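2 protein chains.
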Amino acid sequence: MIMEKLIKNIASHVQLTDKEEKLLLSKVNVKKIKKGEYLLRSGEICRYQNFVLSGCIKTFYLERNGDQHVVSFDVENYWTGDLFSFINQTPAHFNVSCIEDSELIQISHDNIEILYKEIPKLERLFRILIQNAYVSSQMRVIDNIRLTAQEKYLKFVAKYPTLENRVPQYMVASYIGITAEFLSKIKRKILTNS
Amino acid sequence: MIMEKLIKNIASHVQLTDKEEKLLLSKVNVKKIKKGEYLLRSGEICRYQNFVLSGCIKTFYLERNGDQHVVSFDVENYWTGDLFSFINQTPAHFNVSCIEDSELIQISHDNIEILYKEIPKLERLFRILIQNAYVSSQMRVIDNIRLTAQEKYLKFVAKYPTLENRVPQYMVASYIGITAEFLSKIKRKILTNS
DNA sequence: CGTCTATTTGAATGTACTCAAAAGCGGTGG
DNA sequence: CCACCGCTTTTGAGTACATTCAAATAGACG
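First to last, the protein sequences are chains X and H.
FYI, the working numbering numbers position 151 of the first sequence as 151, with every residue one higher than the one before it.
Every number in the working numbering is 1000 more than the matching position in the second sequence, counting from 1.
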């Protein structure tokens, strides 16, 4: 059944009773979204937290001049959305758009508050999820500072081996914080030197 | 009383009953630490989560060649420690040391698990704290990519106006990810051009 | 097949780094 | 109170890594 992945993902962090599981499932809904469509634009309020069943979602910061900086790529089994906007129901800083046809499970802000009350364990679940995200983000800060562009690229490929072939290169470049042209040169250099 | 700051900090996020407050206070202890001393070295397991009452603590990543990359400066009212190591009781990636004589409130890993059980609201508290930390970390990733060194410096000063005069410049440089020499040049440029 | 977008390439440029040396600054002891 | 020591900050010259811009090439999709 379609909720299987969500249940399994949750079960790896906290144990829910059957009753709790049912309650949870009664408070979520499935959404399909096509490549190119937006889940959220900066300035809007993020109404849903999304669990990715399939496809790929990118979260990015948009500069006034149109430049994009990719914050994250979220694929199967990842959560996505502008967390700060979602929690505080304030205007989002980030944009969230769909780079492959995708299928999501959504939890609305209202429902998540209800769920937190009814199932305190979910508070723990989200603490753990955010904790993990926080720790990688901290590491990303440090890596951005200490690694060269080539090292960042190699680390990206090592960490997300499948993404490399799913995501256009200029987006990968944006994620690691270099220009698309320079990434192209890096790849050539890696190929010729090895 | 010495715990006042902690209680106040917590109260701004969740409401504790008197009984819960007492329980919490019975599970923490105060620690004084002198400038230059370490709270944690990478490879060790982080036993405590620390709330800073006074002083200043830095968390940093140490390279094999001895280079340091400052992850955070934590002053009064901040929490500090290697979160991932603390949560999972695994070897730490970061070092935590004291850059001013400081006073901390510590919660041990064992005690925090007890506290989570007894006072589920604390789960919420830490979720919120980590959430906030995560959101700033995400923004820091983006800012590191999109801003020039000078912009990063100005943003640092705007965000932490008091730190500028408490922390040696080479550590500020490390935090924003540039060399101490270059930060010196930036400051001169700012002074002469304005 | 043609159009639109993504990638590659090269030349010129710029931002930030490295290295080495000098200057500044705070503390300590004679 | 001065002199010296260690550490931090400043300065400059040379260099390197990555960007910008423009043009050519390759790929994807209707």
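C-beta: ideal position from N, C-alpha, C; glycine also.
Quantities reported herein were computed from a predicted structural model and do not represent experimental measurements.
Check, Outcome
"Does R1047 of chain H get closer than 7 Å to chain X when you measure Cβ to Cβ?", "no"
"Hey, quick one: how far does the beta strand (DSSP E) through E1103 of chain H stretch, first residue to last?", "N1095 to S1108"
"What are the start and end residues of each continuous beta strand (DSSP E) run of 3 or more residues lying completely inside the stretch 49–77 of chain X, in chain order?", "68–75"
"When Cβ atoms are compared, which residues of the stretch 121–146 of chain X fall closer than 7 Å to chain H?", "E123, R124, F126, R127, I130, Q131, A133, Y134, V135, S137, Q138, R140, V141, I142, N144, I145 and R146"
"Can you find at least 3 beta carbon pairs, one from the stretch 1100–1120 of chain H and one from the stretch 1021–1038 of chain H, that sit closer than 8 Å?", "yes"
"Could you work out which residue in H:D1082, H:N1077 and H:R1064 is closest to V1071 of chain H when comparing CA atoms only?", "H:D1082"
"So V1071 of chain H contacts chain X; which residues on that side make the cut at Cβ distance below 8 Å?", "Q138, V141 and I142"
"Would you kindly report the start and end of the unbroken beta strand (DSSP E) that includes V28 of chain X?", "V28 to I33"
"I want to check one thing, is the minimum distance from the CB of A1092 of chain H to the heavy atoms of the ligand MG below 6 Å?", "The model on display carries no ligand, and the ligand MG is accordingly not part of it."
"Determine the burial state of E123 of chain X: buried for a count of at least 16 other Cβ atoms within 10 Å of its Cβ, exposed for fewer.", "buried"
"Strictly by DSSP, which residues pair up with L40 of chain X?", "X:V96"
"Can you list, in chain order, the residues of its chain with a C-beta nearer than 6 Å to that of G1043 of chain H? Leave out the 5 residues immediately preceding and following it.", "P1091"
"Would you kindly report the start and end of the unbroken alpha helix (DSSP H) that includes Y1153 of chain H?", "A1149 to K1159"
"Using the beta-carbon count (16 or more within 10 Å), is R127 of chain X buried or exposed?", "buried"
"Identify every residue that forms a DSSP beta bridge with P1091 of chain H.", "H:I1045"
"For G1108 of chain H versus R1064 of chain H, is the C-beta distance shorter than 7 Å?", "In the sequence as presented, Gly is not what sits at residue 1108 of chain H; that position holds Ser. Going by C-beta atoms, S1108 of chain H is not nearer than 7 Å to R1064 of chain H."
"Within 10 angstroms of its Cβ, does L80 of chain X collect 16 or more other Cβ (buried), or is it exposed?", "The sequence given here places Thr at residue 80 of chain X; Leu does not occur at that position. By the 10 Å Cβ count, T80 of chain X comes out buried."
"With a threshold of 7 Å on Cβ separation, who are the neighbours of V1028 of chain H within its own chain once the five nearest residues in sequence on each side are excluded?", "I1105, Q1106 and I1107"
"Indicate whether at least one CB of chain X lies closer than 7 Å to the CB of F1182 of chain H.", "no"
"One question on the structure: do S97 of chain X and I45 of chain X come within less than 7 Å of each other, judged by their Cβ atoms?", "no"
"Whose CA, out of H:V1172, H:L1129 and H:A1173, lies closest to the CA of I87 of chain X?", "H:L1129"
"Assign Q1015 of chain H to one of two classes, buried (16 or more other C-beta atoms within 10 Å of its C-beta) or exposed (fewer than that).", "exposed"
"Going by DSSP, what residues sit across from T80 of chain X in a beta bridge?", "X:N50"
"Taking I87 of chain X as the query, report the chain H residues whose CB atoms sit under 7 Å from its CB, ordered along the chain.", "Q1131"
"Run through chain X and tell me which residues come within less than 9 Å of L1083 of chain H, C-beta to C-beta.", "Q131, Y134, V135 and Q138"
"Round the Cβ separation of Y1061 of chain H and H1093 of chain H to the nearest angstrom and send it over; I've been treating them as touching at under 8 Å.", "7 Å"
"Considering T1017 of chain H, what are the terminal residues of the alpha helix (DSSP H) in which it resides?", "From DSSP, T1017 of chain H is part of no alpha helix (DSSP H); its letter is neither H nor E."
"Just the Cα atoms here: how many angstroms apart are F51 of chain X and H13 of chain X?", "15 Å"
"Taking the alpha helix (DSSP H) that I1186 of chain H belongs to, which residues open and close that run?", "A1180 to T1192"
"Here's the rule I'm using: 16 or more other beta-carbon atoms within 10 Å means buried, otherwise exposed. How should R188 of chain X be labelled?", "exposed"
"Under the three-state reduction of DSSP, which class applies to V1141 of chain H: helix, strand or coil?", "helix"
"Ordered along the chain, which non-local residues of its own chain (more than five positions away) have a Cβ less than 7 Å from that of S102 of chain X?", "I33, V52, S54, G55, C56 and I57"
"Answer yes or no: does any C-beta atom of chain H fall closer than 7 Å to that of G177 of chain X?", "yes"
"With 7 Å set as the bound, which would you pick, yes or no: does the beta-carbon of Y153 of chain X sit closer than that to a beta-carbon of chain H?", "no"
"Grouping DSSP H, G and I as helix and E and B as strand, with all else coil, what is S1012 of chain H?", "coil"
"How far does the alpha helix (DSSP H) with I1176 of chain H in it reach, from first residue to last?", "Q1169 to I1176"
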